[in-house]
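Protein chains: 2
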Amino acid sequence: MTEKPSQTVVRAWARLMKAQRSALASIEHALKAAGLPPLDWYDVLLEVERAGDNGLRPFELERAMLLAQYNLSRLVDRIERAGYVERRVCEEDGRGQLIVITAAGRAIRRKMWPVYAKAIESAVGQHLTGKEAEALDSLLGKLIEKNTPVDALATARKL
Amino acid sequence: MTEKPSQTVVRAWARLMKAQRSALASIEHALKAAGLPPLDWYDVLLEVERAGDNGLRPFELERAMLLAQYNLSRLVDRIERAGYVERRVCEEDGRGQLIVITAAGRAIRRKMWPVYAKAIESAVGQHLTGKEAEALDSLLGKLIEKNTPVDALATARKL
DNA sequence: TCAAGCTTGATGCAACTGCATTGACATGCG
DNA sequence: CGCATGTCAATGCAGTTGCATCAAGCTTGA
Numbered sequence: 001m002t003e004k005p006s007q008t009v010v011r012a013w014a015r016l017m018k019a020q021r022s023a024l025a026s027i028e029h030a031l032k033a034a035g036l037p038p039l040d041w042y043d044v045l046l047e048v049e050r051a052g053d054n055g056l057r058p059f060e061l062e063r064a065m066l067l068a069q070y071n072l073s074r075l076v077d078r079i080e081r082a083g084y085v086e087r088r089v090c091e092e093d094g095r096g097q098l099i100v101i102t103a104a105g106r107a108i109r110r111k112m113w114p115v116y117a118k119a120i121e122s123a124v125g126q127h128l129t130g131k132e133a134e135a136l137d138s139l140l141g142k143l144i145e146k147n148t149p150v151d152a153l154a155t156a157r158k159l
Numbered sequence: 160m161t162e163k164p165s166q167t168v169v170r171a172w173a174r175l176m177k178a179q180r181s182a183l184a185s186i187e188h189a190l191k192a193a194g195l196p197p198l199d200w201y202d203v204l205l206e207v208e209r210a211g212d213n214g215l216r217p218f219e220l221e222r223a224m225l226l227a228q229y230n231l232s233r234l235v236d237r238i239e240r241a242g243y244v245e246r247r248v249c250e251e252d253g254r255g256q257l258i259v260i261t262a263a264g265r266a267i268r269r270k271m272w273p274v275y276a277k278a279i280e281s282a283v284g285q286h287l288t289g290k291e292a293e294a295l296d297s298l299l300g301k302l303i304e305k306n307t308p309v310d311a312l313a314t315a316r317k318l
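Laid out in structure tokens, this is it:
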């Protein structure tokens, strides 16, 4: 089942690491330079905003973002302390909670977007034609599909 | 120059993050499960081994790996403490040093490779045909090319 | 109904990262 | 030469992550 990867696959892997690393660094850099919160905050805010007034359970967010449980817990702590989300008790499940975005949260997310978008364009868009972007998107999609994303994290708990 | 990214570019960006994250997690997981050092150690050892007996200057490694200076410095500390590399004084430049791999370093790198290779294959190779892998490799290459990789890190020092 | 086991989320602690700064040397220019 | 400036590498400190564990609530099943 799992044989040795070809040279090409190894190179693609290495480049996946590098491309992501440099793109991420440049985007974090752009956000910081603009005095805005880090990228993760954006993703949380976006998901939570999309979820509407009902909010979102942390474990849902955890899966959506491929983040370890303890990391998400503390990430939400920080965002909450900044006043961008609220934690509410969850009626249906006493263990759980609902994360809801605040007005300030919506505002900061909207403020982050232009900076973020510009950084994406210059880190990714600028280097690719439309067709190339589509091809890249589709190829990366294949990697994600079955790539037991949460598994590496989740299985760790089960062991 | 930097307009708004298209929807496709944004999706590709998001997937780049996700694909890398999940692939990295699964590989780190595999290494840990095998009782081996983390992935970064492998990359350092490989670069240093390739450099031969002359060793490699930290700043060269820094660029090769797209790592921040202080991070590399401490990564090397750890690897050195484990006995896998040595730091030697650099004759040509009194500020600098040369990092040289040890026998133990070579050994552990060789031991890591099969685990690493298998993990790469199952995280990347398995999901792609040969042609797809080539296409992905080439597209990612375009992102890396001009993507001022060190810049986001380096400019920070200059400001 | 109640114990056993699972899921959700938080937290203490150790390791790692980011930032700012420093120390030591190199280089270039008057 | 002698000073200003630049480069190489380390480090103190605060913030973040990973790991292990825990407490609380849900679910199942005898």
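Line order of the protein sequences matches chains B and P. Residue 93 in the working numbering is what sits at position 93 of the first sequence, and the numbering runs on without skipping anything. Residue 169 in the working numbering is what sits at position 10 of the second sequence, and the numbering runs on without skipping anything. Heads up, the beta-carbon is just placed ideally off N, CA and C, and yes, glycines get one too. Since this is a predicted model, take the numbers as computed values, not measurements.
Check: Residue span of the beta strand (DSSP E) that contains LEU174(B), given as start and end; Outcome: As displayed, chain B neither begins before 1 nor continues past 159, which places residue 174(B) out of reach and without an answer.
Check: Proximity test, Cβ basis, 8 Å: LYS111(B) and chain P; Outcome: no
Check: Chain-ordered chain B contacts of GLN179(P) [CB-CB under 7 Å]; Outcome: LEU16, MET17, GLN20
Check: Residues that DSSP places opposite ARG87(B) in a beta bridge; Outcome: ILE99(B)
Check: Proximity winner among TYR116(B), ALA133(B), GLU132(B), relative to HIS29(B) (alpha-carbon distances); Outcome: TYR116(B)
Check: 8 Å Cβ cutoff, ASP137(B) in contact with chain P; Outcome: yes
Check: Within chain P, the residues that ALA51(B) reaches when beta carbons sit closer than 8 Å; Outcome: The contacting residues do not exist; ALA51(B) stays about 17 Å from chain P at best.
Check: Chain-ordered chain P contacts of HIS6(B) [CB-CB under 8 Å]; Outcome: Per the sequence shown, residue 6(B) should be read as Ser rather than His. The answer, in chain order, is GLY284, GLY289, ALA292.
Check: Sequence-distant residues of the same chain with beta carbon closer than 6 Å to MET271(P), five excluded per side; Outcome: LEU195, TYR201
Check: Rounded C-alpha distance that separates HIS286(P) from ARG247(P); Outcome: 43 Å
Check: The stretch 230-249 of chain P touching the stretch 172-187 of chain P, judged by at least three CB pairs closer than 8 Å; Outcome: no
Check: Cβ shell of VAL150(B) (< 7 Å), same chain only, five flanking positions each side left out; Outcome: In this predicted model, VAL150(B) has a pLDDT of only 43, less than 50, meaning its place in the structure is not dependable; the value taken from the coordinates is given anyway. For VAL150(B), where only same-chain residues beyond five positions count, the Cβ hits under 7 Å are ARG63, LEU66.
Check: Which listed residue (ALA68(B), ASN71(B), VAL76(B)) has its alpha carbon closest to that of LEU56(B); Outcome: VAL76(B)
Check: Among ALA82(B), GLU121(B), ASP53(B), GLY52(B), the one whose alpha carbon lies nearest that of ILE108(B); Outcome: ALA82(B)
Check: Distance, ILE99(B) Cα to LEU39(B) Cα; Outcome: 18 Å
Check: Nearest residue (CA-CA) to ARG254(P), options ARG265(P), PRO217(P), LYS290(P); Outcome: PRO217(P)
Check: Through-space distance from ALA178(P) to LYS163(P), alpha-carbon basis; Outcome: 23 Å
Check: Partners in chain B for TRP200(P), counting only beta-carbon separations shorter than 8 Å; Outcome: Ordered by position in chain B, no residue passes the 8 Å Cβ test against TRP200(P), which lies about 14 Å from the chain.
Check: Backbone secondary structure at LEU215(P) - three-state DSSP; Outcome: strand
Check: Environment of ARG174(P) [buried if 16+ CB atoms lie within 10 Å]; Outcome: buried
Check: CB contact flag (THR8(B), ASP296(P), <8 Å); Outcome: yes
Check: Contact set between ARG216(P) and chain B, taken where Cβ atoms lie within less than 7 Å; Outcome: By Cβ distance, chain B contributes nothing, its closest Cβ being about 20 Å from ARG216(P), past 7 Å.
Check: Cβ-Cβ distance between LEU220(P) and ILE260(P) below 8 Å; Outcome: no
Check: Beta-carbon neighbours of ALA171(P), restricted to chain B and to distances below 7 Å; Outcome: VAL124, ALA133, LEU136, ASP137, LEU140
Check: Chain B contact for VAL193(P) (CB, 8 Å cutoff); Outcome: It is worth fixing the name first, because residue 193(P) is Ala in this sequence and not Val. Answer no: the Cβ-Cβ gap between ALA193(P) and chain B never drops below 8 Å.
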